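Following: one structure in C-alpha cells, then a few remarks.
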Amino acid sequence: MSKKYLIGTEEQQAYMKDYNWNLKGYSYFEPGVVSTDHKFYSAFNVAKSFYQVYPEVFNLKYINEKTGLSTDEIKARIKKMYEKHEIMLVKNSCVGVLGFGLYYWIVKLKDNISSEDRQRIVDWMQNNDQICTGYVMDENSDFDFFNGNHMRTLDNLICGVLDKFRFDPCVDYVHICPVRRLVRESHVNQFDSLKDYRKYFWSEEQKKNILTFQNEMDAYDFAIIDAINNVETVADMFDYDVLAQLSGLNAQEMKEDFVYLVEQTKTVIPMVYFNYRAVGLKMHFFLVTMFDNTPTWRREQICDELAEMSEFENIFEFGDAHHHLILSAYEEITDIQRIKEKLLSYAEIGEIMEATSSRQLRRWTCRLDAENDLWEECIFTDDLLQDRARDKVLCSNCKEEK
Numbered sequence: 022m023s024k025k026y027l028i029g030t031e032e033q034q035a036y037m038k039d040y041n042w043n044l045k046g047y048s049y050f051e052p053g054v055v056s057t058d059h060k061f062y063s064a065f066n067v068a069k070s071f072y073q074v075y076p077e078v079f080n081l082k083y084i085n086e087k088t089g090l091s092t093d094e095i096k097a098r099i100k101k102m103y104e105k106h107e108i109m110l111v112k113n114s115c116v117g118v119l120g121f122g123l124y125y126w127i128v129k130l131k132d133n134i135s136s137e138d139r140q141r142i143v144d145w146m147q148n149n150d151q152i153c154t155g156y157v158m159d160e161n162s163d164f165d166f167f168n169g170n171h172m173r174t175l176d177n178l179i180c181g182v183l184d185k186f187r188f189d190p191c192v193d194y195v196h197i198c199p200v201r202r203l204v205r206e207s208h209v210n211q212f213d214s215l216k217d218y219r220k221y222f223w224s225e226e227q228k229k230n231i232l233t234f235q236n237e238m239d240a241y242d243f244a245i246i247d248a249i250n251n252v253e254t255v256a257d258m259f260d261y262d263v264l265a266q267l268s269g270l271n272a273q274e275m276k277e278d279f280v281y282l283v284e285q286t287k288t289v290i291p292m293v294y295f296n297y298r299a300v301g302l303k304m305h306f307f308l309v310t311m312f313d314n315t316p317t318w319r320r321e322q323i324c325d326e327l328a329e330m331s332e333f334e335n336i337f338e339f340g341d342a343h344h345h346l347i348l349s350a351y352e353e354i355t356d357i358q359r360i361k362e363k364l365l366s367y368a369e370i371g372e373i374m375e376a377t378s379s380r381q382l383r384r385w386t387c388r389l390d391a392e393n394d395l396w397e398e399c400i401f402t403d404d405l406l407q408d409r410a411r412d413k414v415l416c417s418n419c420k421e422e423k
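The sequence shown begins at 22 in my numbering and counts up one residue at a time.
Okay, here's the thing in C-alpha cells:
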C-alpha cells in the first residue's frame with residue numbers, strides 16, 4: 022500500500038509493469054500471433070482429436086510417476102472420466118492478442134416469469150453458437166446468466182447476440198462486462214494472473230471434502246487431472262511419439278512448436294476441464310461491484326489478493342463495466358460464508374450479488390449439454406470483417422424488428 026502510482030510522479034501507472042500483458046484495450050492484435058490452424062497447434066489438435074479413444078496421447082509415464090498408478094489403470098480411468106462427462110481436454114487462448122475482445126455479460130430475468138419462459142431462454146442460450154461460454158443460474162439467484170463471447174467489436178456483440186434476446190419481455194436487464202483481466206478459469210491461473218501462470222488450484226479443504234461429497238470420482242481420478250494440469254512444462258503433458266504415430270507428423274517438431282506456443286508466447290493454455298455438474302456440485306458466484314472512486318491500481322491489487330485464495334475456480338476482472346469482479350467456488354465443499362466475509366472486509370467493495378449454478382452450458386465454445394449427445398461439440402466463430410449493426414434483428418419473442 023506504500024505506492025500510490027499518482028499521475029505526475031515517477032510511479033505513474035507503474036503497476037502495469039507487474040503483469041505479463043500490460044493492461045490496455047480489449048481487442049488488440051500483437052505481432053507474432055499465429056492462427057489456430059497453424060502447425061504450432063498440431064500437438065494439441067491431434068491430442069484433442071484422439072484422447073477420447075486413445076488416452077495414451079497423454080504422458081502416461083509422467084502420470085505414473087506422480088500417482089503410482091499403472092499405465093493400464095491410468096488409461097482406463099481417463100476413458101471412464103471422459104465417457105461419464107467428468108472431464109474434457111480443452112485449451113484457452115489469450116483472445117485479446119488474437120484481435121478479439123473477451124466480452125462477458127450478466128442477464129437478470131424478471132421475477133415471477135413462467136418455468137416455460139425460463140426454459141425457452143435457457144435453450145436459446147445453449148443453442149446459440151455465437152456464445153462461447155455460458156452458465157445458467159438456479160432460480161432465486163441475484164442474476165440468471167453469466168455468458169461470454171469473443172468478438173472483434175462491441176457493436177457485433179450487441180447487434181449479433183444481445184439484441185436478439187434483450188428486448189424479450191422476460192428479460193429485466195443485461196450488463197456487459199468486458200474482461201480486463203482473465204486471472205483464473207476452470208481452476209487454472211490464466212494469462213493475466215500476477216503469478217503462477219498455468220498452475221492448477223484446489224484448496225486443501227476442497228480436496229478433502231470432494232471425496233466425501235460424492236462417489237463418482239476418487240482420489241486417484243483427481244490425482245490424474247492434477248498431474249496433467251500441473252505439468253511444469255507442456256513437453257511433459259503429451260506423449261509426442263504417440264501423437265506422431267496417430268498423425269504422421271514429426272514428434273520432436275510438434276513438441277518444440279507447442280512448448281514455444283504455450284511457454285514462450287504465453288497465448289495458449291491446454292488443460293483438462295473438470296465438469297462440476299457431473300458429480301453434483303453447484304458453483305456459487307460472487308459478482309462484485311466496487312465504489313467508483315476506487316483507483317484502477319487498487320482494483321488490480323484486490324483482485325491479486327483474492328487470487329491468493331485457492332478456493333476460487335474462476336476469477337475474472339472487468340473494465341468499463343458496472344461490475345468489477347466475478348469469482349466462483351463450489352458450494353458443497355467450500356466455506357462460502359468465510360469467502361463472503363473476506364469480500365465484505367474490503368472497504369472498496371460496495372455490492373456483492375450472488376448466484377448458484379447447477380449447469381454450465383459451454384466453456385470456450387465446447388458444448389456441455391450431454392442430454393442431446395452434443396458433448397464437446399465445438400464451433401469457433403469469428404466476426405472478421407462483419408458489421409452486424411447493419412443486420413436486422415428479430416427478437417425471439419417480439420413482433421417488431423429491433
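From the three backbone atoms N, C-alpha and C, an ideal C-beta is built for every residue, glycine too. Since we're looking at a predicted model, the values are computed, not measured.
At a Cβ-Cβ threshold of 8 Å, residue 26 and residue 32 count as neighbours. Sequence-distant Cβ neighbours of residue 228 in its own chain, meaning closer than 8 Å and more than five residues away, are 243.
Taking residue 50 as the centre and dropping the five residues before and after it, the same chain places the C-beta of 118, 119 and 120 closer than 8 Å to its C-beta, in chain order. Under DSSP, residue 203 takes part in a beta bridge, and its partners are 337. Per DSSP, the beta-bridge partners of residue 192 are 130. Excluding the 5 residues flanking it on each side, residue 75 has same chain C-beta neighbours closer than 8 Å at 263 and 267, in chain order. With a cutoff of 8 Å on beta-carbon distance, residue 384 and residue 245 are scored as not near each other. Of the candidates 142, 125 and 216, the residue whose Cα lies closest to the Cα of residue 38 is 216. Where residue 155 is concerned, the enclosing beta strand (DSSP E) starts and stops at 154-158. For residue 302, the secondary structure class from DSSP, reduced to helix, strand or coil, is coil. When the alpha-carbon of residue 132 is set against those of 238, 356, 282 and 193, the nearest one is in 193.
Taking residue 209 as reference, the option from 198, 130 and 221 with the minimal CA-CA separation is 221.
A distance of 8 Å or more separates the beta carbons of residue 129 and residue 212. Restricting attention to alpha helix (DSSP H) runs no shorter than 4 residues, the region 55-143 encloses them at 63-71, 81-88 and 92-104, ordered along the chain.
If you keep only unbroken alpha helix (DSSP H) runs of at least 4 residues inside the region 226-288, you get 240-250, 261-268 and 272-280. Taking 8 Å as the upper bound for CB-CB distance, residue 376 and residue 164 are in contact here, some 5 Å apart. The beta carbons of residue 123 and residue 54 sit no closer together than 8 Å.
Under DSSP, residue 294 forms a beta bridge with 109.
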